[in-house]
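Written out below as structure tokens is the structure these notes cover.
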Ligand SMILES: Nc1ncnc2c1ncn2[C@@H]1O[C@H](COP(=O)(O)OP(=O)(O)OP(=O)(O)O)[C@@H](O)[C@H]1O
Ligand SMILES: Nc1ncnc2c1ncn2[C@@H]1O[C@H](COP(=O)(O)OP(=O)(O)OP(=O)(O)O)[C@@H](O)[C@H]1O
Ligand SMILES: CC(C)C[C@H](N)C(=O)O
Ligand SMILES: [Mg+2]
Ligand SMILES: [Mg+2]
């Protein structure tokens, strides 16, 4: 049973991790919590599932369209809302509020457009592997693999390429970055596009594993918690945080109390933050006096 | 090379620069002098499109400058901004590499990096430290070093000597002169009027948003009333 | 007055008290909390239990429950206010969720997830109006005094604030406690207005709604807060018959205000009658002048 | 007590950041009423000393005694309340507030009314608020910013922002004022004005001053004593005139130009 | 989806208005439901059903010669919004009776408002006993319900499982964040253990959870013969799928939260062989015909909730006609004295002491991807 619960935990964590990747990417760039991230994921899932249901598209195509669509909407968020807020020189928290607004818009637009019915991807049988006395779902393996792969790709891109350096300068101070000749608008667009595509991936996998519905993006809250735990802005931290939260939740449910699961999770979070105020892997360069 | 004509700019209702015309010719060092709040910084910001002008035109090599700072920089204009503006959460090395962002030639970047390290050995020592943890003067050196990572046609320096130890200040002025000798034009804003005049070919004196006097250092230094009035003696 | 109208006024009043708390916390101290719905629920449950189960009169229960929420905030703040930005935010969010889980869990005392019914209906229009006036005047006088200036200093530049002798940690804690007291107060009024509460009512969405309202009204402005609350509470009411498009409109409104009115409806300044009068006077003075000019021509 | 005129005494102070020894075994005594200069190359550790004195950083080692009281380890705000005011090398104003509000906030320590009194607006409240307003305006007048009292602090030019920082520090009624490069970004004339201005505030407020500055003329005109720092250690001490002749100082800091 | 039904309802209303023949004021009846949000599916269905009833009544010359007008507001499925909507319906629109909602959490606070304003409210699927009777056992005189209660449902499924399905050891997974789920759980456990059964595992989860494998793994270890899942169908689909994935092969049993056409579609094979209790639904010939009509008007498959909407208004009509007056007080009296009112959902009488309807529960089984009616069952 312990092994099974561990597998369960990793699988739950894997989903959180996938969501957290794109989320952490945006945080690392703009320093704000993109509360619309989960809803972009939801949009991606809907685009994919509608392509299958309405247009009878083969699944792989639908997935590609869904991922691209999510990227597009994320890009749109940047162009329509976030960019203007930055140009206004508003405090970064306004970005977060705008994201909440966007989240409300997306959820309700989805409700009106697609109805409140829950949808499932057709023709997807729950393939799972038996390992001794534990079972592991195929989708779990995929989501974990995708998030680990994305971790490696992002890690290399951000820390070891010129593109990554550009992104980090824009993150650090867009004005100065533009004085270095860096086309900040393009970088913002790229990052939102990529983050949106990650969200799309997460959304589609989530939809395949569970169901597609307008408020499915709310799992992103867990991604938020995971990235805080791992250290905001650190993609690596976000993934580690996600796995910790996933395993923790499952273990508390299994061995302590299913009712008080969230209580334990948050107490753990607070304890970790008290010991490490910027998360497990976060760095905070403070204003020098 | 750079021609600013009848430029005006304002922060909301406050007019910071009005009707300013200046020119920088190739390979020239031009100084802009003036008291606190004269509008010098504002002028430089307008030139690199970091701030919107309300009137006037800015021509670089005969063409109007684009209105995004990053496009202006691509023309070969670099600004060492007031207040250093280094990337605090990037390391010293990364800050310098960011300065070389437009430079495609890897060898040239390497060369420039060595050059900057040679000029400011402390930066080499601290290359893996976060920019934000440098001392004020070290940050200033980093800001200047970052600008030296590429070879622009025109470099604009906004009070480069600010917060530097006297020995480094002298060095900065030497660096500026050596830049000139490699063919770069320089637009220099400085509080240290005498030092600035000593190395510049021409100078403008600004007061309350306007150019009040233009001339060669010799001419300006002769006019003691003028110096008294605007720069203090 | 129709009781529907009365109900709406009471609702605006209750929301206003909770949002004023957020305004002090976020608008004047720049701290974010996603746990204020949690404090509301503490106020709501404590006062409901006191009155319904122990027969304690309303006013003492109201005062006690608000202060109790404040005490919890004091303890929580002592632990977590050292954290910065989103790290603090997440602890408040976690707190809110924990409170919800706990109230659902403490079945015998709170009725659990099924909710707490048969709470006496004590929240009258009169009590609400008095509460709002008290809450507003207190907030106003707080903000326009030494304490308020300390909070603003923390908002603007923490290090500089420390350097002029302001105990930023205590200031933040004070701000947090006051916002919790306001939330608890609003919560208690809420429970005695609705006569039924359940943990689900005080979820994250409620907390974020409070913050959104404060931001829309305008940070750093109490009058802006009033304006924002009126708008956010009344708009959905006006659009009630639009059903499913209602929340869509709300979301669009939020984004529009944030993007096009970055300071909110009335940020960083206060509405004052005298300013309006002088403004009108200015216009009035200009108009005849124009007329006079026209005559000359 | 004869030690009373030792206002600040720093003993064996060290501050390390990982491998960087920003201050190493530093000693300093400032007597009441004196102006003490702190100079040295960039990165020598001057600002770090200010940060340690004001409690922004905890010292790795050593003690700081202010008015006979050990202050190392105390919180920043408490140290400020003991009577140490400071300005910042990288200006840190309450930039969104007006010039006047910046000063008023710093004057908050004068105020003795409690929250309840402010709630019911007692006479005491009104009196103290009025006194604070007047004091702040007077300070602004003193630094010459009275005409800009309603302007947003961030819209002032650099030099004026520095003056505002000084006014704000003064509003705290400090005994010791720490100035971190107050003349940075000022021209010669303005530096001169600054010197006479600092003399005036010293007089008026009976201050002791510790000043970091790279403008040697400011140091020469102002300081009674001077400490030169390099790599976190004192390399020379004495009057400005003595220091300027010190070959070590010339080599490390001043350069030949100054060596007269 | 939601959009098209919205339009449908508007045309219905317009039709009703133009149909107006008599010079008398129409009788205004309110409706509150979640017209937006996650459960809008049910809220909309209830409204649609009620609008069909409105049309039928008005086409047949109204009630006592007066037309009926249905006024609906969105209650978002949230207590506060529902109370506001109720106030608005009573104070502004002068409705004499109100139908809705399907959530206990909304109807409990609405009950006191109804009492205060003396306007009867008929809850649809809200199943907590507290909707009609307060904690001290006092009746809310103006609060009625048309569906059945948690204790009743709990008793039904417990006894059906124990007696008919012969289950002795059962497990429960409860949604502790939900009144409905915790309510049923409590009565279910009481009844099941009273009958002699044993609850071998009782696990909790919360709404919003997507993953139940931690709980299910524990349940699996307890080897139950049946798993009670008193949840709403969306979560049920996830739970049963994950349970089967983990190799739990016992029978699943639920309550009226399962009653949606969507459940077999969402849950697929995993739910095969599952049982739940609910109202009789579309199993009478009348209800079947109604379903066809509904489908042709609204172009969506009907949810059983629409029957509540239809019957709700018809029940009010019945009460008015029996009392001969269309004021709130008469309606209240009429509703309270209902015996053998026959609607689409079958016969129903009201227990005047609790205002709970005395009606039969139906047992359904999911077979071959279809919800199959099994039998009427009374414990
Ligand atoms: N962000 C701003 N908002 C409003 N006014 C501003 C702002 N920045 C500068 N100003 C005003 O514009 C005028 C010109 O300022 P500017 O910074 O260009 O002067 P400067 O010559 O560079 O001065 P300094 O030598 O102090 O750097 C000043 O009067 C200043 O008060
Ligand atoms: N928080 C920190 N973390 C790591 N290193 C630091 C930190 N703060 C300062 N340093 C280092 O300590 C040294 C001393 O810095 P300090 O700011 O005290 O110099 P300074 O004497 O004030 O120089 P300047 O004249 O340039 O302002 C510098 O080399 C700096 O890089
Ligand atoms: C729709 C139903 C599942 C609602 C449930 N009967 C309740 O009382 O809340
Ligand atoms: Mg300037
Ligand atoms: Mg320094």
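Residue numbers (the working numbering), protein chains in the order written: chain A, 1205 to 1493; chain B, 2 to 234; chain C, 4 to 300; chain D, 17 to 276; chain E, 10 to 388.
By construction, the Cβ of each residue, glycine as well, lies at the ideal position given by its N, Cα and C atoms.
Note that the structure is a prediction, hence the values are computed from the model and not measured.
Any C-beta of chain A under 8 Å from that of residue 95 (chain B)
Here residue 95 (chain B) is taken as the residue at index 94 of the second chain, counted from 1. It does; some Cβ of chain A falls within 8 Å.
Taking only beta carbons into account, state which residues of the stretch 176-192 of chain B come closer than 9 Å to chain D, listed in chain order.
191, 192
If contact is defined by three or more beta carbon pairs under 8 Å, each pair taking one atom from either stretch, is the stretch 94-102 of chain C in contact with the stretch 152-164 of chain C?
no
Nearest to residue 255 (chain C) by alpha carbon, out of A:1359, A:1227, A:1281?
Looking up residue 255 (chain C) in the third chain gives position 252. Cα-wise, what sits closest to residue 255 (chain C) is A:1281.
Figure out for me which residue from E:171, E:275, E:113, E:96 has the closest Cα to the Cα of residue 1326 (chain A).
Taking the first chain and counting its residues from 1, one reaches residue 1326 (chain A) at position 122. Of the listed residues, the one whose Cα sits closest to residue 1326 (chain A) is E:275.
Need the endpoints of the beta strand (DSSP E) that residue 196 (chain D) sits in, please.
In the fourth chain, the residue the question calls residue 196 (chain D) occupies position 180. Segment 192-196, the beta strand (DSSP E) holding residue 196 (chain D).
Closest by C-alpha distance to residue 92 (chain E), when choosing among E:119, E:293, E:176
Numbered from 1 along the fifth chain, position 83 holds the residue referred to as residue 92 (chain E). For the residues E:119, E:293, E:176, the minimum Cα distance to residue 92 (chain E) belongs to E:119.
So, do the stretch 77-90 of chain B and the stretch 136-145 of chain B have three or more beta carbon pairs nearer to each other than 8 Å?
yes
Select from A:1469, A:1351, A:1291 the residue whose C-alpha is nearest the C-alpha of residue 1389 (chain A).
Residue mapping note: residue 1389 (chain A) aligns to position 185 of the first chain, counting from 1. Considering only alpha carbons, the answer is A:1291.
Contact residues within the stretch 97-109 of chain C, judged by C-beta distance below 8 Å to chain A
97, 98, 100, 101, 104, 105, 107, 108
Return the chain-ordered ranges of every alpha helix (DSSP H) run that is complete within the stretch 82-115 of chain B and spans a minimum of 4 residues.
93-100
Between the beta-carbon of residue 32 (chain C) and the beta-carbon of residue 157 (chain C), is there less than 8 Å?
As a working note, residue 32 (chain C) is residue 29 in the third chain. As a working note, residue 157 (chain C) is residue 154 in the third chain. Their beta carbons are under 8 Å apart, which means residue 32 (chain C) touches residue 157 (chain C) by this criterion.
Return the chain-ordered list of same chain residues with a C-beta closer than 7 Å to the C-beta of residue 1431 (chain A), the five sequence neighbours on each side being excluded.
Here residue 1431 (chain A) refers to the residue found at position 227 of the first chain. Within the same chain, residue 1431 (chain A) has close Cβ partners 1224, 1227, 1228, 1231, 1441, 1442, 1445.
Along the alpha helix (DSSP H) that carries residue 299 (chain E), what are the first and last residues, could you check?
Walking along the fifth chain from the start, residue 299 (chain E) turns up at place 290. Looking at the DSSP string, the run of the alpha helix (DSSP H) that includes residue 299 (chain E) is 294-307.
So, are the CB atoms of residue 274 (chain B) and residue 41 (chain B) less than 8 Å apart?
Residue 274 (chain B) lies beyond the residue range present for chain B, which begins at 2 and ends at 234; the question has no answer from this structure.
Listed by chain order, chain E residues near residue 1307 (chain A) by CB distance under 8 Å
Taking the first residue of the first chain as position 1, residue 1307 (chain A) is located at position 103. Residues of chain E passing the Cβ test: none, with the nearest at roughly 14 Å.
Any C-beta of chain B within less than 8 Å: which residues of the stretch 1381-1393 of chain A qualify?
1381, 1382, 1383, 1384, 1385, 1386, 1387, 1388, 1389
Mind checking who residue 352 (chain E) pairs with in its DSSP beta bridge?
Position 343 of the fifth chain, counted from the first residue, corresponds to residue 352 (chain E). Paired residue(s): E:355.
Does the separation of the CB atoms of residue 1212 (chain A) and residue 223 (chain E) fall below 8 Å?
In the first chain, counting from the first residue as 1, residue 1212 (chain A) sits at position 8. In the fifth chain, counting from the first residue as 1, residue 223 (chain E) sits at position 214. Yes. Within cutoff.
For residue 1487 (chain A), count neighbouring Cβ atoms within 10 angstroms of its own Cβ and tell me buried if that reaches 16, exposed if not.
Walking along the first chain from the start, residue 1487 (chain A) turns up at place 283. So residue 1487 (chain A) counts as exposed.
Does any residue of chain C have a CB that is nearer than 8 Å to the CB of residue 1356 (chain A)?
Numbered from its first residue, the first chain carries residue 1356 (chain A) at position 152. Closer than 8 Å: no.
Exposed or buried, residue 53 (chain B), counting other C-beta atoms within 10 Å across all chains shown (16 or more means buried)?
Walking along the second chain from the start, residue 53 (chain B) turns up at place 52. Residue 53 (chain B) comes out exposed.
From the DSSP output, read off the bridge partner residues of residue 379 (chain E).
For the purposes of this step, residue 379 (chain E) is identified with residue 370 of the fifth chain, where counting begins at 1. E:376, per the DSSP bridge assignment.
Whole alpha helix (DSSP H) elements within the stretch 28-112 of chain C, 4-residue minimum
39-51, 61-83, 88-108
DSSP on residue 386 (chain E), reduced to helix/strand/coil?
Your numbering for residue 386 (chain E) matches position 377 in the fifth chain. Of the three classes helix, strand and coil, the one that applies to residue 386 (chain E) here is strand, per DSSP.
Residue 237 (chain E) CB to nearest heavy atom of ligand 3 below 7 Å
Locating residue 237 (chain E) in the fifth chain gives position 228, where the first residue counts as 1. Flag unset: Cβ of residue 237 (chain E) not near ligand 3.
Inter-residue Cα distance where the pair is residue 187 (chain B) and residue 1376 (chain A)
Along the second chain, one-based indexing puts residue 187 (chain B) at 186. Along the first chain, one-based indexing puts residue 1376 (chain A) at 172. Between residue 187 (chain B) and residue 1376 (chain A), the C-alpha separation is close to 28 Å.
Does any residue of chain B bring its CB to less than 8 Å from the CB of residue 1361 (chain A)?
Reading the first chain from its first residue, position 157 is the one you call residue 1361 (chain A). It does not; no Cβ of chain B falls within 8 Å.
Considering only the alpha carbon of each residue, which of E:229, E:95, E:164 lies closest to residue 1338 (chain A)?
Position 134 of the first chain, counting from 1, holds the residue named residue 1338 (chain A). Per the Cα distances, E:229.
Take residue 377 (chain E) and list the residues in its own chain whose beta-carbon comes closer than 7 Å to its own, dropping the five residues that flank it on each side.
Locating residue 377 (chain E) in the fifth chain gives position 368, where the first residue counts as 1. Hits under 7 Å: none found.
Could you work out which residue in A:1258, A:1279, A:1236, A:1243 is closest to residue 1391 (chain A) when comparing CA atoms only?
Locating residue 1391 (chain A) in the first chain gives position 187, counting from the first residue. Comparing Cα positions, the closest option is A:1279.
For residue 52 (chain D), write down the residues that DSSP places opposite it in a beta bridge.
On the fourth chain, residue 52 (chain D) is found 36 positions in, with the first residue counted as 1. D:226, D:241.
May I ask whether a heavy atom of ligand 4 can be found less than 7 Å away from the beta carbon of residue 83 (chain B)?
For the purposes of this step, residue 83 (chain B) is taken as residue 82 along the second chain, with counting starting at 1. Yes, Cβ of residue 83 (chain B) sits closer than 7 Å to a heavy atom of ligand 4.
What do you get for residue 341 (chain E), buried or exposed, if any count of 16 or more other CB atoms within 10 angstroms of its CB means buried?
In the fifth chain, residue 341 (chain E) corresponds to position 332, counting from 1. Residue 341 (chain E) is buried by the Cβ-count criterion.
Quick one: is residue 1378 (chain A) buried, meaning 16 or more other Cβ sit within 10 Å of its Cβ, or exposed?
Here residue 1378 (chain A) refers to the residue found at position 174 of the first chain. With 16 or more other Cβ atoms within 10 Å, it is buried.
By the three-class DSSP mapping on this structure, what secondary structure does residue 56 (chain B) have?
Position 55 of the second chain, counting from 1, holds the residue named residue 56 (chain B). Residue state, collapsed to three classes: strand.
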